[in-house]
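First to last, the sequence lines map onto chains D and B.
If you read the first sequence in the working numbering, its first letter stands for residue 515, the second for the next number, and so on.
If you read the second sequence in the working numbering, its first letter stands for residue 17, the second for the next number, and so on.
Where is the CB? At the ideal position from N, CA and C, for every residue including glycine.
Since we're looking at a predicted model, the values are computed, not measured.
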Amino acid sequence: MSTVWIPQVLRASVGGAKTIDVPGATVGALITALVAQHPTLHSQLLTDEGELNRFVNVYVNGQDVRYLGGLETAVEDRDEVRLLPAMAGGAA
Amino acid sequence: MPKSYSDLLREARTKVREVTAADVDVLRARGGLTIVDVREDSERAQGYMPGSVHISKSYIEGQIEAAIPDRNQPVVLYCAGGVRSLFAAATLQELGYADVASMAGGFQAWKSGGYAWTAPVNLTAEQKQRYSRHLLIPEVGTDGQKKLLDSKVLLIGAGGLGSPAALYLAAAGVGTIGLVDFDIVDLSNLQRQVIHTTDRIGEKKVESARKAINALNPDVKVIAHEEMLLPDNVERLIAGYDVVLDGTDTFETRYLLNDAAVAANIPVVHASVFRFEGQLTVFQPYKGPCYRCLYPAPPPPELAPGCSVAGVLGVVPGIMGLLQSLEVLKLLIGMGDTLAGRLLLFDALDTTFTELRLKRDQSCPVCSDAAQAARAAGKPLPVPNFGSDAFVLGGPLGGAS
Chain D
515 MSTVWIPQVL RASVGGAKTI DVPGATVGAL ITALVAQHPT LHSQLLTDEG ELNRFVNVYV
575 NGQDVRYLGG LETAVEDRDE VRLLPAMAGG AA
Chain B
17 MPKSYSDLLR EARTKVREVT AADVDVLRAR GGLTIVDVRE DSERAQGYMP GSVHISKSYI
77 EGQIEAAIPD RNQPVVLYCA GGVRSLFAAA TLQELGYADV ASMAGGFQAW KSGGYAWTAP
137 VNLTAEQKQR YSRHLLIPEV GTDGQKKLLD SKVLLIGAGG LGSPAALYLA AAGVGTIGLV
197 DFDIVDLSNL QRQVIHTTDR IGEKKVESAR KAINALNPDV KVIAHEEMLL PDNVERLIAG
257 YDVVLDGTDT FETRYLLNDA AVAANIPVVH ASVFRFEGQL TVFQPYKGPC YRCLYPAPPP
317 PELAPGCSVA GVLGVVPGIM GLLQSLEVLK LLIGMGDTLA GRLLLFDALD TTFTELRLKR
377 DQSCPVCSDA AQAARAAGKP LPVPNFGSDA FVLGGPLGGA S
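Below you can see the structure in the form of structure tokens.
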């Protein structure tokens with residue numbers, strides 16, 4: 515199980531949880547498992563083709579998976595996975 | 017038998033190695049040498065050796081350990097003529113400094129030898145008092161304070177992020193603060209936009225901010241740009257500024273600012289907030305990633321509501337805005353390590369900071385080597401345009417409130 519950190523903007527889609535433990539050997543498998551549990555996340559994280567949306571970054575232990583192996587990036591138990599969508603707010 | 021002055025001087029000469037100005041010039045070019053100016057403040061104010069540390073002879077015993085913790089560090093001391101530095105060097109030897117020399121002939125010999133010296137930076141008596149807590153920090157000092165006074169910082173937005181940042185940058189003595197904002201002060205702003213006041217509701221934000229800045233520090237020149245950041249004015253607005261602080265509220269403006277700032281080689285200190293969370297980084301062109309490297313495309317509006325839709329705890333932009341001003345000061349003075357290449361996440365509910373590593377995207381249409389070369393050749397790479405209405409959320413979010 516890896517722990518996925520859910521940013522505030524996505525928490526409404528996961529019943530308010532801040533972290534969710536999901537099984538999977540790759541980032542893609544984790545996200546598939548996460549989306550299976552919480553289907554409303556699908557359009558927020560993935561394109562219709564199943565790719566990561568370009569406005570969502572995924573970090574494994576602080577490293578951007580775009581520069582690792584993308585959705586194929588291997589994850590191990592106790593790895594910390596963070597979803598990070600862009601935020602606009604400048605406190606208007 | 018009591019000793020005379022000349023006895024003491026003779027003794028010091030037997031103990032302390034003396035070096036000529038020419039020797040010191042060679043040694044300092046080689047690097048690794050600490051030069052200590054032991055003259056009084058009034059003498060240093062007439063000029064000094066570049067890079068020298070100033071500890072007047074009266075304070076040498078008390079302050080040298082903090083200035084030079086390593087007792088094996090090679091040190092050369094100088095005064096005006098080479099006598100006081102000789103006695104000070106003898107003191108350092110007694111304190112256990114192993115590689116100490118005194119420069120014969122002092123600053124007079126240095127100057128008359130034609131070697132480089134730094135013309136004094138003169139702060140007024142009032143500035144010395146106002147910035148005294150900065151002047152006491154070796155990393156800032158008079159030189160750093162002078163850099164701040166000569167600096168120009170542009171704040172995009174005098175809102176939740178820009179308000180605290182503007183106040184502290186003004187207090188720190190940033191000489192010119194530009195403000196881009198076309199909005200007016202509203203009662204709902206005052207929960208976090210601390211530069212504005214209840215009796216200035218209805219005033220233009222740039223004018224309200226100008227009053228607060230001038231009241232805090234009359235050294236600061238405020239340039240009010242009462243306009244929205246747009247494709248046809250962004251280059252003009254950011255031109256000539258040393259650093260830009262991004263306190264905008266829309267993706268449209270953030271991409272616009274990013275592209276222009278990379279092209280103009282101006283660092284952008286970026287922050288964004290959402291309810292209890294904040295993100296912060298420094299986009300330093302070509303040295304770290306840019307905003308497009310971090311987020312190649314903006315999210316749809318429903319996934320990224322601004323504060324006027326989603327709300328925000330007032331102190332969160334306060335904290336993020338102050339961290340932005342910290343990064344601005346570091347960039348201006350050239351001290352410490354900035355957040356270039358690192359994204360700092362703040363979670364106010366847990367009071368935790370998390371750091372993520374960022375990289376330059378070698379396929380970035382704005383800041384990659386290829387993009388830079390294409391721009392230099394007058395044929396910039398095409399850049400996705402995110403300037404559609406899709407990114408303007410319901411309500412008068414504007415660009416900079």
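- By the C-beta density criterion, Leu359(B) is buried, having at least 16 other C-beta atoms within 10 angstroms.
- Not one beta carbon of chain B lies nearer than 8 angstroms to the beta carbon of Asp535(D).
- Linking Arg391(B) to Val278(B) through their CA atoms gives a straight-line distance of about 11 angstroms.
- Distance check between Leu171(B) and each of Tyr75(B), Ala287(B), Gly67(B) places Ala287(B) closest, using alpha-carbon atoms only.
- Inter-residue distance for Pro247(B) and Lys346(B) is about 29 angstroms (C-alpha atoms, whole angstroms).
- The C-beta distance from Ile229(B) to Val238(B) rounds to 5 angstroms, short enough to fall under 8 angstroms.
- The C-beta of Ser324(B) has 16 or more other C-beta atoms within 10 Å across all chains shown, which makes the residue buried.
- Going by beta carbons, Ser167(B) and Val201(B) fall outside the 8 angstroms limit.
- The segment 118–129 of chain B and the segment 94–110 of chain B touch, with no fewer than 3 CB-CB distances between them shorter than 8 angstroms.
- Taking a cut-off of 8 angstroms for Cβ pairs, the segment 143–158 of chain B and the segment 188–195 of chain B touch, as three or more such pairs fall below it.
- Per DSSP, the continuous alpha helix (DSSP H) segment holding Ile335(B) begins and ends at 331–349.
- Residue pairing by DSSP leaves Phe198(B) without any beta bridge partner.
- By alpha-carbon distance to Leu582(D), the top candidate from Ser384(B), Ala389(B), Leu374(B) is Leu374(B).
- Taking 8 angstroms as the cut-off, the beta carbon of Ile349(B) is found closer than this to the beta carbon of Gly160(B).
- Thr587(D) has its alpha-carbon roughly 21 angstroms from the corresponding atom of Thr370(B).
- DSSP places Phe362(B) in the uninterrupted beta strand (DSSP E) bounded by 358–363.
- About 6 angstroms separates the beta carbons of Leu544(D) and Ser516(D), which is inside the 8 angstroms limit, making them a contact pair.
- Shortest Cα-Cα distance from Lys303(B) to any of Ser384(B), Thr140(B), Asp57(B) involves Ser384(B).
- Each of Leu185(B), Val52(B), Arg291(B) was checked against the Cα of Gly330(B), and the nearest Cα belongs to Arg291(B).
- For the options Asn274(B), Pro316(B), Asp199(B), Leu177(B), the alpha carbon positioned closest to that of Gly263(B) is the one of Leu177(B).
- Unbroken alpha helix (DSSP H) runs of no fewer than 4 residues, entirely contained in the segment 105–178 of chain B, are found at 122–128, 141–146, 148–151, 157–165, following chain order.
- Note that the C-beta distance between Phe402(B) and Pro314(B) is below 8 angstroms.
- Between Val259(B) and Val344(B), the gap from beta carbon to beta carbon is short of 8 angstroms.
- Think of a sphere of 7 angstroms around the beta carbon of Glu371(B): the chain D residues whose beta carbon falls inside it are Gly576, in chain order.
- Only residues of its own chain outside the window of five on either side were considered, and among them Val298, Gln300, Lys303, Gly304 have a CB closer than 7 angstroms to the CB of Ala356(B), listed in chain order.
- Within the same chain, Cβ atoms closer than 7 angstroms to the Cβ of Ala135(B) are found at Gly63, the five residues on either side in sequence being excluded.
- A distance below 6 angstroms between beta-carbons, with the five flanking residues on each side excluded, links Gly352(B) to the following residues of its chain, in chain order: Lys346.
- No Cβ-Cβ contact shorter than 8 angstroms links Val541(D) with Val570(D).
- Annotation note: the segment 226–266 of chain B contains the following uninterrupted alpha helix (DSSP H) runs of length 4 or greater, listed N- to C-terminal: 250–254.
- Comparing alpha-carbon positions, the option among Asn575(D), Gly584(D), Asp593(D), Gly529(D) lying closest to Asn567(D) turns out to be Gly584(D).
- Under DSSP, no beta-bridge partner is assigned to Ala182(B).
- CA-CA distance, Thr533(D) to Val169(B), rounds to 39 angstroms.
- Between Ala114(B) and Arg33(B) a beta carbon distance of about 11 angstroms is seen, past the 8 angstroms cut, so the two are scored as non-contacting.
- The CB of Arg291(B) comes closer than 7 angstroms to the CB of Gln522 in chain D, given here in chain order.
- Comparing alpha-carbon positions, the option among Gly322(B), Pro85(B), Ala389(B) lying closest to Thr269(B) turns out to be Gly322(B).
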